[in-house]
Amino acid sequence: MDPRFNVAEKRQLNGEEEEEEEDDENNMEAWERAYADERSWESLQEDESGLLRAIDSNALHHAQYRRRLRSLSTVSTATRIQKGLIRYLYVVIDFSRAASETDFKPSRMAVAAKHVEAFIREFFDQNPLSHIALITIRDGVAQCLTDLGGSPDSHIKALMGKLGCSGDSSLQNALDLVHGYLNQIPSYGHREVLILYSALSTCDPGDIMETIQKCKNSKIRCSVVGLSAEIYICRHLCQETGGTYTVAMDEAHMKELLLEHAPPPPAIAEFAVSNLIKMGFPQRAAEGVVSICSCHKEAKVGGGYTCPRCKARVCELPTECQICGLTLVSSPHLARSYHHLFPITPFNDVSPTLPNSHKLPRACFGCQQPLIQSGNKPGLRVACPNCNQHFCLDCDIYIHESLHNCPGCESQRNSKPVTGE
Amino acid sequence: MASVPSKLYSDDVSLVVVLLDTNPFLWTATATATTFTFPEFLAHVLSFLNSIILLNQLNQVVVIATGLNSCDYIFDSSAPSKVEPFESARMPLLYSRVLRRLEDFLGSDERSERSNGAAAAAAPSSLLSGSLSLALCYIQRVFRSGALHPQPRILCLQGSPDGPEQYVAVMNAIFSAQRSMVPIDSCVIGAQHSAFLQQASYITGGVYLKPPMLDGLFQYLSTIFATDLHSRSFLQLPKPVGVDFRASCFCHKKTIDMGYICSVCLSIFCKHHKKCSTCGSVFGQANPEAAAAATDRKRKAPEV
Amino acid sequence: MPQVRIIAKNFMDMVAALPELKLDKLYENTFICEAVLRSLPPLAKKYVLQLLFIDAPVTAKSMEEWVLADGLSKHRVAIDRLIQLRVFLETTESGALPREPMPSNITVRLPTLEELDVYALEQWELMDTNAQLWYIMREYISNSEDRGEDPADLISFLLELSFHATGQAYNLNTLIDVQMHTLKDLADLGLVKLQQGRKESWFIPTKLATNLSMSLTDSSARKEGFVVVETNFRLYAYSTSKLHSEILRLFARVEYQLPNLIVGAITKESLYNAFENGITAEQIISFLQQNAHPRVAERTPSVPENVTDQIRLWETDLNRVEITPAHFYDEFLSKDVFEGASDYARENGGLLWEDSKKMRLVVNAEMHAQMREYLRRQK
Chain A
909 MDPRFNVAEK RQLNGEEEEE EEDDENNMEA WERAYADERS WESLQEDESG LLRAIDSNAL
969 HHAQYRRRLR SLSTVSTATR IQKGLIRYLY VVIDFSRAAS ETDFKPSRMA VAAKHVEAFI
1029 REFFDQNPLS HIALITIRDG VAQCLTDLGG SPDSHIKALM GKLGCSGDSS LQNALDLVHG
1089 YLNQIPSYGH REVLILYSAL STCDPGDIME TIQKCKNSKI RCSVVGLSAE IYICRHLCQE
1149 TGGTYTVAMD EAHMKELLLE HAPPPPAIAE FAVSNLIKMG FPQRAAEGVV SICSCHKEAK
1209 VGGGYTCPRC KARVCELPTE CQICGLTLVS SPHLARSYHH LFPITPFNDV SPTLPNSHKL
1269 PRACFGCQQP LIQSGNKPGL RVACPNCNQH FCLDCDIYIH ESLHNCPGCE SQRNSKPVTG
1329 E
Chain B
10 MASVPSKLYS DDVSLVVVLL DTNPFLWTAT ATATTFTFPE FLAHVLSFLN SIILLNQLNQ
70 VVVIATGLNS CDYIFDSSAP SKVEPFESAR MPLLYSRVLR RLEDFLGSDE RSERSNGAAA
130 AAAPSSLLSG SLSLALCYIQ RVFRSGALHP QPRILCLQGS PDGPEQYVAV MNAIFSAQRS
190 MVPIDSCVIG AQHSAFLQQA SYITGGVYLK PPMLDGLFQY LSTIFATDLH SRSFLQLPKP
250 VGVDFRASCF CHKKTIDMGY ICSVCLSIFC KHHKKCSTCG SVFGQANPEA AAAATDRKRK
310 APEV
Chain C
-8 MPQVRIIAKN FMDMVAALPE LKLDKLYENT FICEAVLRSL PPLAKKYVLQ LLFIDAPVTA
52 KSMEEWVLAD GLSKHRVAID RLIQLRVFLE TTESGALPRE PMPSNITVRL PTLEELDVYA
112 LEQWELMDTN AQLWYIMREY ISNSEDRGED PADLISFLLE LSFHATGQAY NLNTLIDVQM
172 HTLKDLADLG LVKLQQGRKE SWFIPTKLAT NLSMSLTDSS ARKEGFVVVE TNFRLYAYST
232 SKLHSEILRL FARVEYQLPN LIVGAITKES LYNAFENGIT AEQIISFLQQ NAHPRVAERT
292 PSVPENVTDQ IRLWETDLNR VEITPAHFYD EFLSKDVFEG ASDYARENGG LLWEDSKKMR
352 LVVNAEMHAQ MREYLRRQK
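Protein sequences, first through last, are from chains A, B and C.
First residue of the first sequence: 909, per our numbering; consecutive thereafter.
First residue of the second sequence: 10, per our numbering; consecutive thereafter.
First residue of the third sequence: -8, per our numbering; consecutive thereafter.
Here it is as structure tokens:
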């Protein structure tokens, strides 16, 4: 039996729109296209003498930003994101002949690799305790590129070192391989597969339907992001195993579809019971120290971690101690999401027309930028409601979007916000 | 968790933001234990600052004091100075400016100590999170100044023990530095290693060093911490002697190497609780196996 | 194309070429020490700082251990430079003895860093200002001996000048005669501005003077650009400067000129004009790249590749035929004589063409006298 699926249903819905867009773009020169989106000429302004005036969108931009900040701060308290779910995700990338197609520029393979890299980073940001492994399909054979692990860089490095595509694609071989690995993982972990599929067919050694049933029985959730057209077997696979099937229309769409898989699927997150999990924060050993790791049973030089309970050496975090079974995580992994827990309050606008405005601070507390406009008038500024320090608009954005600390409150012992209690 | 991807630095023009630990408890403690005093320390640091400016006329130095009750800018080599005579007094301008501002700062820090009562005396740690946040704000301003700016880095000259209550704030600052690719170098001048700074340097790709002998501090500073980011890609620099990844628990602000994590918000607790004090989740079963089984059952429901 | 004789790549090569005694004498001056230090490659600077207070010889081998394998070539460059400039002295055990290149008060003095808008800057364009300045200073110094001045004195005065504060007035009567003379020349170049008081005269160093020691280093000039070049060969220059517009006119067809915007196009004709005036494609491209508007400067390449390629192609169009004055030799007496002559011409770098079957030879005209002499000797 040789079930070759060669079903290529071109997406009718998007087909026509796409062609029109293409026509449009063909009529435009490369240099025109760069400006078509920005429409920068519409916002040009002249001053009294007819000189072009530099557009000061700063204040405008800042006002928009503050509105967004306000709405966010009210919403964020309501949503409950499950950060502590432990997901085991196999990312399968189809590097068959079809991945060399150039409908994505420069090629499907290059675009897929680029976005898988972004996906891996985002995934670990959202699921600090989860694991990923990479599998590639080439010449009809599925190959395990990296084992399950929690370090984004080792995956990315392995992926970038192994680019190149050839031969047919085989969905069944990939699923069999993944099934073999995922069957071994602890039962509290969520088993998932994400497949980036370029080919329009699958060339399998046996009955793929049996493999799909096997995955279903092992509770492996399979999702597919297609790069060419929708094909029946992928739809069937996803329906059976409870995953999602989407097809990317262009590069931006593909990125979006991939990143949708970074947060835990709502079906898992919603019903997960909140739990206290006992964990250890191992210390990283000095570089150049030789020791035997408990995970590979090999002597390794440097860079290991020591389990705080049984002092066994492990190579990578997060993992589970082979000796005492303690879940080992790197504490910075957890700390990455703490700014969600303790958001800093939005700063208040300070009206420059206050009666004794000349007494206001003359420089931004954060970056020392002068807050005085020409003519010795106080410029635009905001103030922290807790420590009453004044900040410039740029620092305001930086503090709320990246730093997540108020430098004023942190530089003052008494006004330190009480955390956690 | 790996350090920042290496960025290509085209030249050696540097901005060094130095965070100076001025904690009086530290300096009284070291003064009794060894012969290294605060004035000696300052002499080493000032020579170092001078050397940085000497190396390239576009180099820039900013000094921020990390106090017990406050943090403040002490010196900024790019700030416009008043007319200075070319052949000034024997004391160079940098020295007198730093010393004068430092004296003001120590005075005001002490005053806020008094108004604070004994709150600070109980925790002899200085406000590292504050000075790190200030340094990062300053560096963002340099980034905004245009495409051509000096390559910034932060140097923490820290001696006080870590303040576990600053854990979240320090980690936030570290991640922000990592995102902006600003290395945090640490030179620990206190008695014990600093877990905060070990993590900071490890995560941001900076250098962490605890000089065994403080008498030769200038030699350490000029050999290791004066190295611009451009040259770092060719040089052997001290490798981390282990990184202390311990965290602070949210309930008692203790530094722990093992603890309980809330599966919803990842808060860390040193003891088992019934309810998460951060996100309010009520913990059902302590047994993770049962919890996973429950979700697996639910997962079978068909999705739309 | 104007040919410029390249003597030394930069100011410090010239300093390094000074005789040992003169160089050692120069190091008595703190300004020189500071300028030399700043001119060094980053790695070398670091080594100097690191070894400043070490008074025993350090072996070359132990210094090599400071670098990673990738950095070894940079390490060699740095060490060679330090030895060239006699900052490091080699000792017999093939170790390098660090000498203290600067008196201790060097770490005490601080240069001023303020920058000032300078009237002189406008006189320098197309090439990087500092590079042009260097062109002229180099000639000025190498001619100094003909004028009866000591190049070492001149160098030390120039370097000292570069550490003066921009915009400050200095009294002329502190200078010696030679320096006064030099200063007048420098004023013509815009390095200093002379001001006549009622009784006394003053000079004010400009940014160019204070940048002098920077032009010695490899740091790129740090200024904001104004030109946007598009893939369709159109060019937009956001500038109010008359000078900018004139420079653009040298190689582009200017179409509109608004108060603060110049719109033009790079065409074959406009470029041929430039080439005829002795401007090279590389100069045009580097001008466009150095002055790229911040919006496009972040992109790589800042000037579209098709434009730069085309500029280069148009230039090579002009260079398809190269004319070299030459002499044609034939009717050699024997194969041996012919081969001897062609080998002789080849060894001396004058052979342009040979046909060994017909025994014919074309040799650069400059070599004609030598060839004639050689052939006469063969007889």
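Backbone N, C-alpha and C define an ideal beta-carbon position, used for all residues, glycine too.
- Neighbours of SER290/B in chain A, taken as residues whose beta carbon is under 7 Å from its own, are SER1182 in chain order.
- The beta carbon of GLY215/B does not come within 9 Å of any beta carbon belonging to chain A, so the residue lies off that interface.
- Look at GLY1233/A: its C-beta is not under 9 Å from any C-beta on chain B.
- If you check the CB distance, LEU80/C and GLY62/C do not come in under 9 Å.
- Under the 9 Å criterion on CB atoms, VAL27/C is classed as non-interfacial with respect to chain B.
- Contact residues of the stretch 238 to 249 of chain B toward chain C are HIS239, SER240, SER242, PHE243, LEU244 and GLN245 (C-beta to C-beta distance below 8 Å).
- Using a C-beta cut-off of 8 Å, the stretch 325 to 333 of chain C makes no contact with the stretch 280 to 290 of chain C, since fewer than three inter-stretch Cβ pairs fall below that distance.
- Sixteen is the threshold: when 16 or more other Cβ atoms of the shown chains lie within 10 Å of the Cβ of ARG72/C, as they do, the residue is buried.
- When secondary structure is reduced to three states using DSSP, LYS37/C falls in the helix class.
- Distance from the CA of TRP305/C to the CA of LEU157/B, rounded to the nearest whole angstrom, comes to 33 Å.
- Residues of the stretch 220 to 237 of chain B that bring their beta carbon within less than 8 Å of a beta carbon in chain C comprise PHE227, GLN228, SER231, THR232, ALA235, THR236 and ASP237, in sequence order.
- Proximity of the stretch 136 to 147 of chain B to the stretch 1307 to 1321 of chain A meets the contact definition, three or more beta-carbon pairs being nearer than 8 Å.
- When secondary structure is reduced to three states using DSSP, ASN1125/A falls in the helix class.
- With contacts defined as CB atoms closer than 9 Å, CYS1146/A and VAL1132/A qualify as a contacting pair.
- By the neighbour-count criterion, in which a residue is buried when 16 or more other Cβ atoms sit within 10 angstroms of its Cβ, GLN201/B is exposed.
- In the assembly as shown, GLN1297/A is a buried residue. Its beta-carbon has 16 or more other beta-carbons within 10 Å.
- Residue-level contact check: HIS66/C touches chain B, since one or more beta carbons of chain B fall below 9 Å from its beta carbon.
- The beta carbon of LEU166/B sits closer than 7 Å to those of VAL27, LEU28, LEU29, ASP30, VAL54, CYS196 and ILE198, all from its chain and outside the five residues before and after it, given in chain order.
- For TYR1306/A, the enclosing alpha helix (DSSP H) starts and ends at 1301 to 1306.
- Residue pairing from DSSP places GLY255/C in a beta bridge opposite LEU226/C and VAL245/C.
- For ILE994/A, the closest C-alpha among the options VAL1237/A, GLN1281/A, ASN1125/A and SER1319/A is that of VAL1237/A.
- Contact note: ASP253/B reaches chain A through GLN1191, using a C-beta cutoff of 7 Å and chain order.
- The beta carbon of GLN149/B sits no closer than 9 Å to any beta carbon of chain C.
- Contiguous alpha helix (DSSP H) elements confined to the stretch 1096 to 1165 of chain A occur at 1116 to 1125 and 1140 to 1149, taking only those with 4 or more residues.
- Boundaries cannot be given for TYR18/C, as no alpha helix (DSSP H) includes it and DSSP labels it neither H nor E.
- Buried is the label assigned to THR1110/A, since at least 16 other Cβ atoms lie within 10 Å of its Cβ.
- In this structure, CYS1275/A lies near GLN149/B, with their beta-carbon atoms less than 9 Å apart.
- For ARG129/C, the closest C-alpha among the options LYS36/C, SER64/C and ALA8/C is that of ALA8/C.
- Using a Cβ distance threshold of 9 Å, SER1004/A and SER1136/A do not count as a contacting pair.
- Interface annotation, ARG1217/A: in contact with chain B, CB-CB separation under 9 Å.
- The stretch 48 to 56 of chain C and the stretch 178 to 194 of chain C do not touch, with fewer than three beta-carbon pairs separated by less than 8 Å.
- GLN208/B reaches chain A at PRO1240, counting residues in chain order whose Cβ is nearer than 7 Å.
- Boundaries of the beta strand (DSSP E) harbouring GLU345/C: 342 to 346, taken from the DSSP string.
- Within the DSSP secondary-structure output, GLY268/B pairs in a beta bridge with MET1187/A.
- In the structure shown, ASN1256/A falls within a strand segment according to DSSP collapsed to helix, strand and coil.
- With fewer than 16 other beta carbons inside 10 angstroms of its own, GLY1069/A counts as exposed.
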